Each structure stands twice: as C-alpha cells, then as structure tokens.
Amino acid sequence: MKMRGQVLILLLFVLFIAEGTILPWLLPDSWHSRMVPNLVYVVILFVSVYYSRHTALVLGIVFGLIHDVVYYGFIIGPYSFAMGLSAYLLGLVFTARRAPMPIMMAVVLIGSFLLDSMLFAIDQLFQLNHQTFDWALAQYMIPDLFIHFLFALIIYVPVRKQLQRLGTRVKKEEAV
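Residue numbers (UniProt numbering): 1 to 176.
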C-alpha cells in the first residue's frame with residue numbers, strides 16, 4: 001500500500017498544480033471566469049468508489065483545504081468541507097468495488113453537481129454570492145459537469161486499475 005498510496009498522493013498534487021498552471025492555457029479565454037474545473041476532486045471520487053470512502057474523506061478534506069488556501073483565500077473551509085463530505089457520501093451510496101463505467105460516470109456527474117451546489121449554498125449562507133441558483137447552474141455548474149465528465153472518461157481505465165490493485169494488495173496484507 002505504501003508505494004501505490006504515495007503515487008496516488010503524488011498524482012493528486014500533480015493534478016492540483018495542473019489545475020492552476022496548464023488548464024488555464026487549454027481552456028478558451030471566455031471560459032476562465034465561468035469554469036473552475038477541479039480535477040483532483042474527480043480522482044477523489046474514484047478513490048471513494050474503488051478504494052475507500054474514509055480515505056476519500058481525508059483526501060477531500062486535505063486537498064480541499066489546500067484549494068481553499070491557494071485559490072479561495074478569503075474564507076477557509078468551504079472546499080474542504082464540500083469535497084470531504086460529498087466524496088464520503090458518494091462512497092457510502094456507491095459501494096461496489098467493481099463499479100462499471102456508467103455508474104462511475106454517474107458518480108462523477110452527481111458528485112460534481114453536489115460539490116458545486118454545496119459551495120453555492122455556503123456562499124449564499126455567508127452572503128458572498130448574490131446570484132440565483134439558475135444563474136449559477138447555467139454559468140458554471142453545467143460547464144464544470146462537462147469538463148469533469150470528459151476528464152473522468154479519459155482517466156477511467158488507468159485510475160480504476162491502480163485503485164483496484166491498491167485495494168487487493170491491502171486485503172492481502174491484512175490477511176497475513
């Protein structure tokens with residue numbers, strides 16, 4: 001577990017850095033104010049379904065806190081809370097270790113919508129956002145769903161295989 005777990009955390013850090021450096025170059029300029037793709041969250045959803053919801057909770061809290069500090073600075077905690085809770089809840093609902101691709105894509109879509117909705121609700125609660133939910137849905141939630149879905153399609157096979165290997169290796173170590 002140690003080596004694959006370290007590779008998973010390294011992958012999450014690389015994706016976090018890519019979100020802020022490479023992804024803005026790939027997206028058109030008109031989309032920069034509308035979209036905030038969270039690639040790390042998509043991988044955390046994979047961890048939640050194919051490995052462990054508890055691990056996904058911790059990864060969601062840690063990388064959400066990093067996201068709060070780096071990108072969201074004026075209020076600490078919304079991404080940490082939303083990423084951790086939504087990953088845990090989706091891991092609780094979808095517990096199949098061999099979830100097929102359509103189920104995983106549904107998890108990504110539901111998770112992305114849940115994350116954006118929770119963040120919108122937190123912003124509304126603290127009066128940081130004065131827009132309606134319809135506006136938020138059209139302006140950034142649906143485009144984020146689209147980007148998360150495409151990214152999940154691209155990484156589905158390699159990430160699923162690595163997480164299933166990680167899960168079987170942990171079970172073998174526990175049996176010994």
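Beta carbons: idealized from backbone N, C-alpha and C, even for Gly. Being a predicted model, the structure only gives us computed values, none of them experimental.
Residue burial classification, residue i (beta-carbon count within 10 angstroms, cutoff 16)
i	result
residue 53	buried
residue 130	exposed
residue 21	exposed
residue 30	exposed
residue 175	Note that residue 175 scores 48 on pLDDT, short of 50, meaning its location in the model is unreliable and no value can be drawn from it.
residue 61	buried
residue 15	buried
residue 55	buried
Cβ distance (whole Å) where residue i is taken to contact residue j below 8 Å
i	j	result
residue 5	residue 49	The pair is not a contact, with the Cβ atoms about 17 Å apart (cut-off 8 Å).
residue 156	residue 101	6 Å
residue 118	residue 82	4 Å
residue 216	residue 120	Because the chain is modelled from 1 through 176, residue 216 falls outside the range shown and cannot be assessed.
residue 149	residue 39	No, residue 149 and residue 39 are not in contact; Cβ-Cβ is about 12 Å, not under 8 Å.
Practice item. Please go through the region 13-76 and give each complete alpha helix (DSSP H) segment of 4 or more residues, from N-terminal end onward. Key: Within the region 13-76, the runs of alpha helix (DSSP H) that reach at least 4 residues and sit entirely inside it are, in chain order, 23-26, 39-50 and 53-67.
Review point. Counting Cβ pairs, one atom from each stretch, are 3 or more of them under 8 Å apart for the region 158-168 and the region 120-136?
Key: Taking 8 Å as the limit for Cβ pairs, the verdict is that the region 120-136 does not touch the region 158-168.
Point to revise | Stretch-stretch touch, CB-based, cutoff 8 Å, three pairs: the region 96-112 with the region 142-162 | key: Of all C-beta pairs linking the region 96-112 to the region 142-162, three or more are shorter than 8 Å, placing the two stretches in contact.
Review point. What alpha helix (DSSP H) runs, 4 residues minimum, are completely inside the region 72-156?
Key: For secondary structure counted as the alpha helix (DSSP H) over 4 or more consecutive residues, the region 72-156 holds these complete runs in sequence order: 78-93, 101-125 and 133-136.
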